[in-house]
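Here the structure is laid out as structure tokens; the discussion comes afterwards.
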Amino acid sequence: MDIEIYDILKDSYWRQKVINSIPEIVASGHFNANNYKNLADRLDEYECFNVVLKKGRPVAISGLYNGNIYPANTARILDRTYYYDWNKSGGMFSPWKKDLRYNSFYVIPYQMKIAEKHGFDSVFISIQNLKKRRALEMMTDRQPDYKFEMLPDLYNTCKCSADNSPNPAQVCWQNISIYYITDNHSFDLPKISIEEYYEQYKDSEGIR
Numbered sequence: 002m003d004i005e006i007y008d009i010l011k012d013s014y015w016r017q018k019v020i021n022s023i024p025e026i027v028a029s030g031h032f033n034a035n036n037y038k039n040l041a042d043r044l045d046e047y048e049c050f051n052v053v054l055k056k057g058r059p060v061a062i063s064g065l066y067n068g069n070i071y072p073a074n075t076a077r078i079l080d081r082t083y084y085y086d087w088n089k090s091g092g093m094f095s096p097w098k099k100d101l102r103y104n105s106f107y108v109i110p111y112q113m114k115i116a117e118k119h120g121f122d123s124v125f126i127s128i129q130n131l132k133k134r135r136a137l138e139m140m141t142d143r144q145p146d147y148k149f150e151m152l153p154d155l156y157n158t159c160k161c162s163a164d165n166s167p168n169p170a171q172v173c174w175q176n177i178s179i180y181y182i183t184d185n186h187s188f189d190l191p192k193i194s195i196e197e198y199y200e201q202y203k204d205s206e207g208i209r
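The opening position of the sequence shown corresponds to residue 2 in the numbering used here, with each subsequent residue numbered one higher.
Printed below as a string of structure tokens:
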């Protein structure tokens, strides 16, 4: 497939290429496009941030992130994932297209090695939409080397409020698929059950 992966924190050329692509991402119509507005400013908070090339062309980006908003023993893998051809390929949730599984087959192993080097006990993938729980399971299940576990509850992945309470925004409560690197299985993010989530946000507009 002629796949290459670069850590743009160590490669100024591809760092600038990714930064130059941010306006395109923000204007792309992707439902999470606004999440990338501040990407350039927060790049140095990542343990690594990768661009995937296919035959020399950028096809995907994502990072390994703790940012001092998660417990010190864990990090979010595949943070700020973006597929440049998301509207054509189906992106990270395209389970039937083997040649498009950049995250499962290439990025997860790369970022896992960085996580181990940094001494994290676990890494996790999160997604905000309850309707995509099964898609998240499918994506991690097809990773041949690492067995992720889908947690039964929803976890708050946003920075806590000033009084250290969970951010009340609906989008902050996310599905979590976790991989334990060590025997320390502590994962101390705020959580609620799916039933509690539905009760708490029953009058809110649904998430895509």
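Every residue, glycine too, gets a C-beta built ideally from N, C-alpha and C.
DSSP three-state assignment for residue 11, whether helix, strand or coil: To locate residue 11, count along the sequence shown from 1; it is residue 10. It is coil, neither helix nor strand.
Beta-bridge pairing of residue 125 - partner residues as DSSP gives them: Translated into the one-based positions of the sequence shown, residue 125 becomes position 124. 77 and 179.
Terminal residues of the alpha helix (DSSP H) in which residue 137 lies: Mapped onto the sequence shown, residue 137 falls at position 136. Unbroken alpha helix (DSSP H) run through residue 137: 134 to 142.
For residue 112 and residue 64, the rounded distance between their alpha carbons: Your numbering for residue 64 matches position 63 in the sequence shown. Your numbering for residue 112 matches position 111 in the sequence shown. Cα to Cα, residue 64 sits roughly 8 Å from residue 112.
Residues near residue 162 in its chain [Cβ-Cβ closer than 7 Å; skip 5 each side]: What you label residue 162 is simply residue 161 of the sequence shown in a count that begins at 1. Within the same chain, residue 162 has close Cβ partners 168.
Burial state of residue 62 (16 or more Cβ within 10 Å): Here residue 62 refers to the residue found at position 61 of the sequence shown. Residue 62 is buried by the Cβ-count criterion.
Beta-carbon spacing of residue 82, residue 104 below 8 Å: Reading the sequence shown from its first residue, position 81 is the one you call residue 82. Reading the sequence shown from its first residue, position 103 is the one you call residue 104. Taking 8 Å as the Cβ cut-off, residue 82 and residue 104 qualify as a contacting pair.
Exposure of residue 32, with buried meaning 16 or more beta-carbon neighbours within 10 Å: Within the sequence shown, residue 32 is the residue found at index 31, counting from 1. Counting Cβ neighbours within 10 Å, residue 32 comes out exposed, since fewer than 16 surround it.
N-terminal and C-terminal residue of the alpha helix (DSSP H) that residue 114 is part of: For the purposes of this step, residue 114 is taken as the residue at position 113 of the sequence shown. Looking at the DSSP string, the run of the alpha helix (DSSP H) that includes residue 114 is 109 to 118.
Residue 20 classed as buried or exposed, judged by whether at least 16 other C-beta atoms fall within 10 angstroms: As a working note, residue 20 is residue 19 in the sequence shown. That one is exposed.
Where residue 175 falls, given that 16 or more other Cβ within 10 Å makes a residue buried: The residue labelled residue 175 in the question sits at position 174 within the sequence shown. Result: buried.
Rounded separation between residue 8 and residue 203 - CA only: Stepping through the sequence shown from its first residue, residue 8 is reached at position 7. Stepping through the sequence shown from its first residue, residue 203 is reached at position 202. Spanning the two alpha carbons is a distance of roughly 42 Å.
Close-in-space but distant-in-sequence residues of the same chain around residue 170 (CB under 8 Å, 5 per side omitted): Position 169 of the sequence shown, counting from 1, holds the residue named residue 170. Closer than 8 Å at Cβ, skipping near neighbours: 159.
Length of the line joining the Cα atoms of residue 110 and residue 121: Stepping through the sequence shown from its first residue, residue 110 is reached at position 109. Stepping through the sequence shown from its first residue, residue 121 is reached at position 120. Distance between the alpha carbons of residue 110 and residue 121: 15 Å.
Rounded separation between residue 173 and residue 16 - CA only: Locating residue 173 in the sequence shown gives position 172, counting from the first residue. Locating residue 16 in the sequence shown gives position 15, counting from the first residue. So the alpha carbons of these two residues sit roughly 28 Å apart.
Beta-bridge partners of residue 63, as assigned by DSSP: As a first step, residue 63 is located in the sequence shown; it is residue number 62 there, counting from the start. According to DSSP, residue 63 bridges with 51.
For residue 3 and residue 68, the rounded distance between their alpha carbons: Taking the first residue of the sequence shown as 1, we reach residue 68 at position 67. Taking the first residue of the sequence shown as 1, we reach residue 3 at position 2. When rounded, the distance between both Cα atoms is 32 Å.
Bridge-paired residues (DSSP) for residue 71: Taking the first residue of the sequence shown as position 1, residue 71 is located at position 70. In the DSSP output, where bridge partners are listed per residue, residue 71 has none listed.
8 Å Cβ cutoff met for residue 66 and residue 47: Counted from its first residue, the sequence shown places residue 66 at position 65. Counted from its first residue, the sequence shown places residue 47 at position 46. In contact: residue 66 and residue 47 (Cβ atoms closer than 8 Å).
Start-to-end residues for the beta strand (DSSP E) that takes in residue 156: Looking up residue 156 in the sequence shown gives position 155. Note, residue 156: beta strand (DSSP E), 150 to 157.
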